[in-house]
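Undergrad: To start, I am sharing the structure in question, which I have written as structure tokens.
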């Protein structure tokens, strides 16, 4: 057992072609499966969140009752993050950029229509030349008296706030900025090197024959070690039952030949389920396609087997930096450093023992 | 654009503050006075929310477990060697503290579980990849031997067996004192993980200070020299290693510079320093020795609480994840000469 | 349970003796996990249905076990939806099994301050009486000019967009026979 | 579309993947905008300016699909000399009567067409006896009836049904009065600059759209337009759709694959409830309801409303078959097939009129079935006042919705306008079965009937509507059995003997669908509406559904997997009429019957087999060759030529110019919403001169361009909720996703009004004030309109006081003004003020709103 631990460094970090076999499953185990979430076609409908909860009987989220039905203010995301009761989480990012920096995926011009020609090149016959769509500067009306302006907050005496004539119209439209609304359905990454799994002291977390990482609720004793060990902040302990919970990649459905509930529901096929190698090929093709269309900000996340977790079983096509979606830019599984940690701890333990012995050095004084 | 640029995106900056639900805080929204630890460096994040999950480990259970484990670890050695060197009060103190520490630690450890009835599930497996599993297999025999030794000590029965089991516990003890550092560093919590070289030393020092401190409290002036030495050495190591760790952490060390962790660590340092000075100067007087011992133990305990709190704060701070990881990417790109920075970063 | 069996099921023993020394996979799988199956696998029946929310008309498969709906999900056969559902459609199981669903008749008497219970047949009988009465009170044989109206304005109906065609048909047919012209639904909203 | 119809949106994403350009034109930046190639923000209520601008672009640039236009449309028809356009009349068409506020459409007619009887919308002119009626009320009622004929919920029979003779045509399209030229002149002022000024979009954005749609229309390519109630909820709503119809017809995008104007409807069977209408003005299959003024007997009914040419020429067969289905043997040739059993209309009995009558205690009982008007309808107070003035109310639903509990916890209880103890309404709440607990058909948004099978039994007292209405009918018939009163004959003679099953005696739904389909004299199910006869030998409860039980098979229950069929998937469910998936698909082939292009081949003439064939079922007589020319005097479909693809029209043409059928003009014209912050920049006439109002204290309207109500608001749905919330607010999984009522405002508006993100805001109109959480978002953009800045506020309307997720109802903020054609309210745009903080509670709220009204110069509000 120690041999496997110390000898096979690849089973703690780095590329690992077959984590399933590494976890003791015989050679004829099923192919490793996973998710490819293509956020460029995500419409943020949250069907994945609901379908997941319906199938897995996950309770309404929220740490306490008063939290349940409150807006977070984070665009249309009222889930907040992944957690024990949110195994799918759709992030919404409202991104504002200077006008003109849009690309095709960002509400840019339809393919094949150069922006310049649109602005100036075409004019219907008989029309005066127009170079800019912006009409003349708006007429600003008399600004509101600052002294009568209400203070923010929960004012109840609104009668005092009856508007003065011309109270509006002082703010000018901001034509200079384009809006981009990114949506992405986050999920457990089912890492090749899964920190949660490796630190679990009970074997509740285990790697299935499909190469996925699953919590066995009948085993978990709620030690919580998996929670801070996940570099993505996925798994969490549910307060009411004390168990750690996360996406199972619908382990129970896989056995019955069904695809995971979220992937099945996803209206635009943003969430794709399948054999990991096939998904990776599909993702590479999709990335090339998008790059070919000028969507240069597209990038794959979790696709690379050389990354800090040995590649993810659930990986993504993103349109911005991972941290914008609430994901770490370059996670490394904590156990990569574990051999060194054990060495340090062992040496220090020896030192500590020596110190105790040394304290008795010289006999009685 | 960055989310930290409040001037440019006022409403989003406000979201950053309000929407976060950091663990360990009762209120849903942070007050103005309790700003996120947004570092100097600019970084982007998802509404300023934490990226990783902060530990759900209970406070004070886990810091106390760490403290008691450390206390027991060195106490077992003091007890065994105190017996071997004819220091009966040190022996007795060490043995009882080792057993009590192990027992108390076990209680806290079990209580910390969110499903405590399933404590024994820990014994299903032995996983070298899991410090908690390894720790369980350290704590269990240690507690058993320490308890047996203490029973022998208290009853006076089976003295030889008691000595033997005490010796075994003493041999295991140091592992119990340092494995907890791995327990913390083997997480994704940046402030813990990045201190994985220093944290065992800090915890070893802390264990020594605690065990030695206990010895000062319990042993007679006649018997307390090794305890005083160990305690003072422990305090010095803990102080030095702790300081070194905080500095070496750089950006990640900011959690020790503010908030509760800062307060706890300052108190810890004060206690350790006072205790060490007291132990050196006041060892010969029962009461001053005991007071010094208590101060050292308090210092040790406060370190555990401080490190624990620092970890929570670190986990809740997205900058702790994003900035170092970005820096790593930047450095790699600088060395490999490739620039894979997405084109939109420049104006985004 | 014999010691051997017990030992054989002890994951640590399996770690030591099997192909999973680190206790990451096969060695630590619990018997319950091993026996895990899909909730829909033992359904008595899979009934073809259509989503009740918007008008896209997504196909649904309704899984029934012991006379209860255990799961509703998209019907992959449907050329309309290809098995996919939106969040509302995906919540269909919750919709049909909602704990707050009202399943008994509730009655509020005129000027009453609280709901009361009422037997369904009694309710139907009372409603029939009220329909007859309102129909009579609102009846118009002719208008002022003597033109035939043969209608009642005594009562009206609202709803239909969430109902089946067959149900709308019966409503329209019955109301026409009663002479009640005031039939409306969401299509005008 | 991604917001409210996400699963349907998968096909848009498929199209995008294949290179289609997705353009989203919407006041808000929504989930649809997020994945569109182009989002064009613009001002709510300015759609006709936008569409008119596109029409102008097409016409002035000569970008129309000329061969399609000359083959299939009335572009070449010459408009009569009497017609005066808005260009020459300060924004009003000829025929307007300022006193009555309505149009006499006779001057809109085409040259060379004689009218022997009035078509819908023109009866006022053609019925001398009607013209003599001078009382205001009656005139108004008649007008409303006529307008209803043109309803988009109806729209079938009666539209200019009785034009005879052929209009003069100029195939070169050069005649100054030909439709093409009239259209061109009408839209000439809708320049890109004008569009930009009115709509608040840039000229570049507009041109980008114009270029995209014209480049993607023609032989090889098609463009589809998709809309929802964002187009219908306006005081000019029907004309919005007309605008799109004109544009799509000019571009040759009707009747072709990838083309069309696609209405996304919002309820599982809202299409079905229009086809088999629980609507006051229609009979099944878009046959109009008999009218007391016009229809003294069946013949006058047919004379007035059945066309002579086109497929509506067969309305006699549809109507007699319907009467036979309902009254069976009691319907005989002698008694005019029981035509006199039908009640008659005299005016508007639309839902808002009904509610007005409820408040006036003119009507006593109300069935509310699967609907939640207290939340879901415009002017919630008006709805609840109506409920409170009833004698009895029956609510059938699954959850305890606000409509059932208004007497207990409605907003008017809080304001002390009403006291529970004073409300005399007797309320029956009856639990209903859900979609898994009964069998039946829904008709989806593409006219597709899909049969659902019962999976489980309904719990407790829950019953299907089929059960309820069948047994209610039975009970009433029992109570009236033996009655000799003539008025009870229709009820007692009604065919009401459906077989039942189960312990609850549930009617067999197949038997009802069978009756809808219809039978021949021998009792065999019919297979096509062409089999219907006017001699009483056939029955059909809804002629357009005839064929759903073809061969005795429930065609709606066909479930051949899509993967085993071609892309038309004709063997899944059944689409009316005759299982055709694309209407008017004859237009997918040219005059000679050849596909316009290989790429866009859909239905074509097979010269060898001498019949129409293709991927879909041809929407044309199968063996009528393209070369067919009708003889003089031919009637019904025989009067249509081999190129008359629009077979329901009397002339077989798509109408670019509508000489009849609409109550507010032959061509769409931009009018401002009734509540608009700006003046009409295109025409002197501010708003639709023919729109309908309800001038009551509980329905006060904000003055146009009011400084007191300076902001535009619009209501809409979120993906996570369903309409008035009865099916979503009570579910945890949905409620947690959108947990609170909120308003969306731009950062600029937030700064202007000191609104704090996530704080509270109070929104005020002349109706009431409501409170909402504030979401400040860059997705809302202030617009420049002329020299003004217009701020728009977004309000999802799902919330009420019951359920898990609660909030003020957005619809309470709305008043009711209506489109004159279809009586649909203008709820997609109105004005309000917004202030930070929560609204006043209790009676203080009324004072607060009244103070606003005073300031705005609005008459006092109240409950009467």
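Chains as they are written, first to last, in our numbering: chain H, 3 to 367; chain R, 518 to 865; chain W, 29 to 217; chain Y, 167 to 1030. We treat Cβ as the ideally placed atom computed from N, Cα and C, and that holds for glycine.
(1) At the level of alpha carbons, what is the spacing between residue 492 of chain Y and residue 210 of chain W?
(2) Assuming the contact rule is C-beta atoms closer than 8 Å, residue 806 of chain R and residue 733 of chain R should be a hit. Round their C-beta distance to whole Å, please.
(3) Compare the C-alpha of residue 235 of chain Y against each of Y:207, Y:417, Y:963 and name the closest.
(4) Do the region 388 to 407 of chain Y and the region 827 to 838 of chain Y make contact, defined as three or more Cβ pairs closer than 8 Å?
(5) Rounded to whole angstroms, what is the Cα-Cα separation between residue 723 of chain Y and residue 766 of chain Y?
(6) Which one of Y:896, Y:868, Y:478 has the shortest CA to CA distance from residue 1025 of chain Y?
(7) So which residues of chain H does residue 623 of chain R contact, with C-beta pairs closer than 8 Å?
(8) Within 10 angstroms of its Cβ, does residue 673 of chain Y collect 16 or more other Cβ (buried), or is it exposed?
(9) Quick one: is residue 26 of chain H near chain R, going by C-beta distance under 8 Å?
(10) Using a beta-carbon distance below 8 Å, is residue 636 of chain R in contact with chain W?
(11) Out of Y:1018, Y:941, Y:896, Y:819, state which residue places its alpha-carbon closest to the alpha-carbon of residue 239 of chain Y.
(12) Report the residues of the region 564 to 588 of chain R with a CB closer than 8 Å to any CB of chain H, ordered along the chain.
(13) With DSSP run on the structure shown, which of helix, strand or coil describes residue 451 of chain Y?
(14) Could you tell me which uninterrupted alpha helix (DSSP H) segments, each at least 4 residues in length, are contained entirely in the region 685 to 752 of chain R, listed from first to last along the chain?
(15) Identify, in the order they occur along the chain, each residue of the same chain with its Cβ nearer than 6 Å to the Cβ of residue 188 of chain W, setting aside the five sequence neighbours on each side.
(16) Is it buried or exposed, residue 769 of chain Y, if we count other Cβ atoms within 10 angstroms and call 16 or more buried?
(17) Suppose the cutoff is 7 Å on Cβ atoms and the five residues either side in sequence are ignored; what does the same chain contact list for residue 648 of chain R look like?
(18) Of the choices Y:508, Y:378, Y:745, Y:434, whose alpha-carbon is the least far from that of residue 467 of chain Y?
(19) Quick one: measure Cβ to Cβ for residue 980 of chain Y and residue 993 of chain Y, integer angstroms, because I've assumed they're closer than 8 Å.
(20) Taking residue 591 of chain R as the reference, give the member of H:364, H:359, H:324 with the closest Cα.
(21) How far does the beta strand (DSSP E) with residue 880 of chain Y in it extend, from its first residue to its last?
(22) Could you check where the beta strand (DSSP E) with residue 136 of chain W kicks off and where it finishes?
(23) So, residue 246 of chain H versus residue 213 of chain H, is the Cβ gap smaller than 8 Å?
(24) In this structure, what does DSSP give as the bridge partners for residue 598 of chain Y?
(25) Check each candidate in Y:1003, Y:942, Y:988 and name the one with the smallest Cα separation from residue 930 of chain Y.
(26) Taking the C-alpha atoms as reference points, what is the distance between residue 294 of chain Y and residue 463 of chain Y?
(27) On the CB-based measure, 16 or more other CB atoms within 10 Å of its CB, does residue 637 of chain R come out buried or exposed?
(28) For residue 89 of chain W, which beta-bridge partners are listed by DSSP?
(29) Any C-beta of chain H sitting closer than 8 Å to the C-beta of residue 475 of chain Y?
(30) With C-beta atoms as the reference, is residue 531 of chain Y less than 8 Å away from residue 205 of chain W?
(31) Cα separation between residue 677 of chain R and residue 606 of chain R?
(32) The beta strand (DSSP E) with residue 374 of chain Y in it runs from where to where?
(33) Since residue 254 of chain H meets chain W, which of its residues come closer than 8 Å, beta carbon to beta carbon?
(34) Give me the subset of the region 196 to 228 of chain H whose CB atoms are less than 8 Å from a CB atom of chain R, sorted by chain position.
(35) Using the Cα positions of residue 617 of chain R and residue 625 of chain R, report the straight-line distance between them to the nearest angstrom.
(36) Out of curiosity, what's the CA-to-CA distance linking residue 891 of chain Y and residue 966 of chain Y?
TA: With the structure as the only source:
(1) 19 Å
(2) 5 Å
(3) Y:417
(4) yes
(5) 30 Å
(6) Y:868
(7) Under the 8 Å cutoff, chain H gives no residues; its nearest Cβ is about 13 Å from residue 623 of chain R.
(8) buried
(9) no
(10) no
(11) Y:819
(12) 564, 566, 567, 568, 569, 570, 571, 572, 573, 574
(13) coil
(14) 707 to 710, 716 to 735
(15) 196, 213
(16) buried
(17) 696, 699, 700, 703
(18) Y:508
(19) 5 Å
(20) H:359
(21) 877 to 882
(22) 134 to 136
(23) no
(24) Y:629
(25) Y:1003
(26) In this prediction, residue 294 of chain Y has a pLDDT of 33, which is less than 50 and means its spatial position is unreliable; nothing more can be read from the coordinates.
(27) exposed
(28) W:76, W:101
(29) no
(30) no
(31) 18 Å
(32) Segment 369 to 381 is the alpha helix (DSSP H) holding residue 374 of chain Y; no beta strand (DSSP E) there.
(33) 64, 65, 66, 67
(34) 197, 200, 201, 202, 203, 204, 205, 206, 221, 222, 223, 224, 225, 226, 227
(35) 12 Å
(36) 8 Å
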